[in-house]
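First residue of the sequence shown? That's 4 in the working numbering, and the numbers climb one at a time after it.
Glycine is no exception: its CB is placed at the ideal position from the N, C-alpha and C atoms.
Data block below; observations after.
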Amino acid sequence: MVALFFIFYIMAKCYYITTAIDYANGAPHIGHAYEKVLTDVIARFRRMMGDKVHFLTGIDEHGQKILQTAQKKGKQPQELVDEVAPLFRGLCEKLTISNDDFIRTTEDRHKQVVRRILQDLWDKGDIYKAEYTGYYSVRQEQFVLEKEKVDGKWPEIYGEVVTLSESNYFFRLNKYQDWLVEFLRTHDFVFPLFRQKQVLEFLKEPINDLCISRPKERLSWGIPLPLMKIT
Numbered sequence: 004m005v006a007l008f009f010i011f012y013i014m015a016k017c018y019y020i021t022t023a024i025d026y027a028n029g030a031p032h033i034g035h036a037y038e039k040v041l042t043d044v045i046a047r048f049r050r051m052m053g054d055k056v057h058f059l060t061g062i063d064e065h066g067q068k069i070l071q072t073a074q075k076k077g078k079q080p081q082e083l084v085d086e087v088a089p090l091f092r093g094l095c096e097k098l099t100i101s102n103d104d105f106i107r108t109t110e111d112r113h114k115q116v117v118r119r120i121l122q123d124l125w126d127k128g129d130i131y132k133a134e135y136t137g138y139y140s141v142r143q144e145q146f147v148l149e150k151e152k153v154d155g156k157w158p159e160i161y162g163e164v165v166t167l168s169e170s171n172y173f174f175r176l177n178k179y180q181d182w183l184v185e186f187l188r189t190h191d192f193v194f195p196l197f198r199q200k201q202v203l204e205f206l207k208e209p210i211n212d213l214c215i216s217r218p219k220e221r222l223s224w225g226i227p228l229p230l231m232k233i234t
């Protein structure tokens, strides 16, 4: 019996799975319940298969959406997310979700990891500061490209799109494009596999570097970048 258990332990694999880290600008709805139940099914199945599973869920409490919602309610952003967090935790409890952790982006442990990773990238020269003018999706909180228009219009998913010109920090994503293409060609990494083929098709075109910051004048609700003071 002991020998059999030992073999099982050696063969067990580590398996990490996460839900989306949901925006904390409102109460959870049926969509949040669906994704957590679906993820929970996979996590429980993998545990039954003998894998060592780490199942994460949580909420994204930073960003422009949170700030705007808090302002509309006449509250501070931290006050708003402190009210919303128990609702999402409660959803997991009511649905008996077997998550191993629940992360809030305002937690110190999250902030410390973010700062450490960004500092390492900065020290390696993979982050730089530049002036940028482009289209910005307020709903998605990201810059978008002209080629993403459909019949001359921005897709509904982007909501309001405005033109912005500002100084930001960028991650040198383009630097790793060749490595990413080679990795995907030699590993079954994205499932279902037809999605991986779609990613490879997308990577045939040059990719832009990734904007990772927002000026404090426009968005003060976030994690300050280490050693990078935005003026």
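- Taking C-beta atoms as the reference points, Phe-192 and Tyr-131 fail to come closer than 8 angstroms.
- Rounded to whole angstroms, Arg-221 and Gly-77 show a C-alpha spacing of 18 angstroms.
- At a Cβ-Cβ threshold of 8 angstroms, Ala-88 and Ala-27 count as neighbours.
- From the listed residues Glu-169, Ala-36 and Pro-158, the smallest Cα separation to Glu-96 is found for Ala-36.
- One alpha carbon belongs to Val-202, the other to Leu-83, and they sit about 37 angstroms apart.
- Considering only Glu-134, Gly-93, Arg-175 and Lys-16, the residue with the shortest C-alpha distance to Pro-209 is Arg-175.
- Contact check for Glu-144 and Gln-67: beta-carbon distance about 5 angstroms, within the 8 angstroms limit, so the pair qualifies.
- In the pairwise beta carbon analysis, the region 48 to 66 is classified as touching the region 101 to 110: at least three pairs are separated by under 8 angstroms.
- For Gly-66, no beta strand (DSSP E) encloses it, and the DSSP letter there is neither H nor E.
- In the DSSP annotation of this structure, the continuous segment of the beta strand (DSSP E) that includes Arg-107 starts and ends at 104 to 107.
- Residue state for Glu-159 is assigned as helix, using DSSP reduced to three classes.
- Between Asn-177 and Tyr-135 the beta-carbon gap is near 14 angstroms, outside 8 angstroms, which marks them as no contact.
- For the set Ile-160, Gly-137 and Ile-226, the Cα lying nearest the Cα of Glu-149 is the one of Gly-137.
- Around the CB of Ala-133, fewer than 16 other CB atoms lie within 10 Å, so the residue is classed as exposed.
- Take the alpha-carbon of Glu-86 and the one of Leu-94: they are about 14 angstroms apart.
- With fewer than 16 other CB atoms across the displayed protein chains lying within 10 angstroms of its CB, Arg-198 is exposed.
- With contacts defined as CB atoms closer than 8 angstroms, Trp-224 and Pro-80 qualify as a contacting pair.
- With 16 or more other CB atoms across the displayed protein chains lying within 10 angstroms of its CB, Arg-49 is buried.
- At a Cβ-Cβ threshold of 8 angstroms, Val-141 and Ile-226 do not count as neighbours.
- Under the DSSP assignment, Val-84 falls in the alpha helix (DSSP H) whose first and last residues are 80 to 97.
- In the structure shown, Asn-171 falls within a strand segment according to DSSP collapsed to helix, strand and coil.
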